[in-house]
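Have a look at the structure below, then the notes.
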Amino acid sequence: MAMSIPFDTLDYAKKLETTGMPVAQAEQQSKLLADVLGKAVTFPRDLLSSERNLLVKIDAAKADIEAKLGIVKMDLEGKLNVVKADIEDRLGTVKMDLESKIDGVKSDITLIKWMMGTLIALNSAMIIKLLFA
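The sequence shown begins at 85 in this note's numbering and counts up one residue at a time.
Here's what the structure looks like:
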């Protein structure tokens, strides 16, 4: 992906020699610098290509994650529906049980009302008999 840039190794080696560097060392350093520059420089077109490749990979990863999330969502919705149905069944059972108990209490209260009415009537009759007898 990295492209080499024009680099005049001979000119660079000559400039190093003029500063007092030995010829062999100047030549070796210019060759090494040319190698480094040739491998280390990245051009804008290379960056754009890399960016496009990364965007494609990101889009693919995003689509994969969205698909997996869709599967997880459907699975959770199914499980929630099962739990909801179970809770509704249990609530229905509890409601029917409470209604039957409430009906039992109502009938007991009705019985107590009749018993109290009868007792009051009997006591009233006894009081009237005692007063007027």
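All C-beta atoms in this analysis are idealised placements derived from N, C-alpha and C, irrespective of residue type, glycine included.
These numbers come from a predicted model, not from an experiment.
Q.
I'd like to know whether the C-beta atoms of A110 and A97 end up nearer to each other than 7 Å.
A. yes
Q: In angstroms with no decimal places, state the Cα-to-Cα distance between M210 and L195.
A: 22 Å
Q | Three-state class that DSSP yields for T194 in the structure shown | A | helix
Q. Taking the C-alpha atoms as reference points, what is the distance between I204 and K197?
A. 10 Å
Q: Kindly indicate which three-state DSSP category T103 falls into: helix, strand or coil?
A: coil
Q. So is S114 buried or exposed if we call it buried at 16+ other beta carbons inside 10 Å?
A. buried
Q.
Which same chain residues end up closer than 7 Å to F216 when comparing Cβ atoms and leaving out the 5 residues on each side of it in sequence?
A. none
Q: Pull up the distance between the alpha-carbon of N137 and that of V120, whole angstroms please.
A: 25 Å
Q) Quick one: Cα of A86 to Cα of D95, how far? A) Confidence at A86 is low in this model, with a pLDDT of 46, below 50, so the placement of that residue is unreliable and no value is reported for it.
Q | Buried or exposed (CB count within 10 angstroms, at least 16 for buried), L153 | A | exposed
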